[in-house]
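Counting in UniProt numbering, the sequence shown runs from 1 upward without gaps.
Note that beta-carbon positions come from the ideal geometry of N, C-alpha and C, so glycine has one too.
Reviewing the structure listed below.
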Amino acid sequence: PVKKQEEFFIPPPPPLMNAAPPPPPPPQMESIKSKPVEAVPDTRSALLEAIRSGKTLKHVDTSNSVKTSNTTEPNSRNDLLDQIRQGVELKSVQPIDKKNLNNNLEADGLAGALARALAERARVIHSDSSTSESSEGEDDWDD
Numbered sequence: 001p002v003k004k005q006e007e008f009f010i011p012p013p014p015p016l017m018n019a020a021p022p023p024p025p026p027p028q029m030e031s032i033k034s035k036p037v038e039a040v041p042d043t044r045s046a047l048l049e050a051i052r053s054g055k056t057l058k059h060v061d062t063s064n065s066v067k068t069s070n071t072t073e074p075n076s077r078n079d080l081l082d083q084i085r086q087g088v089e090l091k092s093v094q095p096i097d098k099k100n101l102n103n104n105l106e107a108d109g110l111a112g113a114l115a116r117a118l119a120e121r122a123r124v125i126h127s128d129s130s131t132s133e134s135s136e137g138e139d140d141w142d143d
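Pasting the structure below:
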């Protein structure tokens with residue numbers, strides 16, 4: 001029984017011979033002697049001081065000023081705004097005959113099928129009842 005235990009003993013792995021030594025520590029930093037930091041001018045306090053001292057502004061002649069292109073050149077936005085202010089009269093249009101729309105439902109082919117599907121969809125969307133009145137699909141949920 002002792003032999004069986006020795007057969008399963010696994011010796012430790014050999015030490016690594018090719019392992020690299022750890023890197024050297026980084027060199028110590030020499031104290032760098034620098035010039036003292038110059039004071040940065042505080043622009044906020046300078047602005048506040050200028051406001052307190054009451055700086056005088058230069059006079060601007062408004063008669064020679066250049067007008068912007070928005071006021072001199074007419075554009076569609078300004079024209080539309082002017083028309084809205086004036087109250088533009090709308091042109092009269094002919095009312096749409098709904099009988100012609102129903103004739104499209106009777107058409108054959110793909111156009112007719114599409115028109116019928118859209119009409120059915122519109123009817124369902126605009127129906128007053130919240131429940132379905134058709135008996136189609138009621139048996140789907142009886143399982």
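Inset, instruction - Measure the C-alpha to C-alpha separation of Q83 and L90 and round it to an integer number of angstroms. - result: Within the sequence shown, numbered from 1, the residue matching residue 83 stands at position 83. Within the sequence shown, numbered from 1, the residue matching residue 90 stands at position 90. Straight-line Cα distance between these residues: approximately 11 Å.
Legend entry - For D82, the three-state DSSP class (helix, strand or coil): Here residue 82 corresponds to residue number 82 of the sequence shown, with the count starting at 1. In this structure, D82 counts as helix in the three-state DSSP scheme.
Legend entry - alpha helix (DSSP H) segment containing T43, residue limits: To locate residue 43, count along the sequence shown from 1; it is residue 43. T43 to S53 is the extent of the alpha helix (DSSP H) around T43.
Legend entry - Spatial distance of L57 from P41 (CA atoms): The count along the sequence shown starts at 1 and reaches residue 57 at position 57. The count along the sequence shown starts at 1 and reaches residue 41 at position 41. Roughly 24 Å between the two C-alpha positions.
Inset, instruction - Express the C-alpha separation of D61 and S92 in angstroms, rounding to a whole number. - result: In the sequence shown, the residue the question calls residue 92 occupies position 92. In the sequence shown, the residue the question calls residue 61 occupies position 61. Take the alpha-carbon of S92 and the one of D61: they are about 51 Å apart.
Inset, instruction - Note down the Cα distance separating A39 from N78, rounded to an integer number of angstroms. - result: On the sequence shown, position 39 is the one that residue 39 refers to. On the sequence shown, position 78 is the one that residue 78 refers to. So the alpha carbons of these two residues sit roughly 54 Å apart.
Inset, instruction - Could you spell out where the alpha helix (DSSP H) holding I125 opens and where it closes? - result: Position 125 of the sequence shown, counted from the first residue, corresponds to residue 125. Note, I125: alpha helix (DSSP H), G109 to I125.
Inset, instruction - Kindly indicate which three-state DSSP category S92 falls into: helix, strand or coil? - result: Here residue 92 refers to the residue found at position 92 when the sequence shown is read from its first residue. Coil at S92, not helix or strand.
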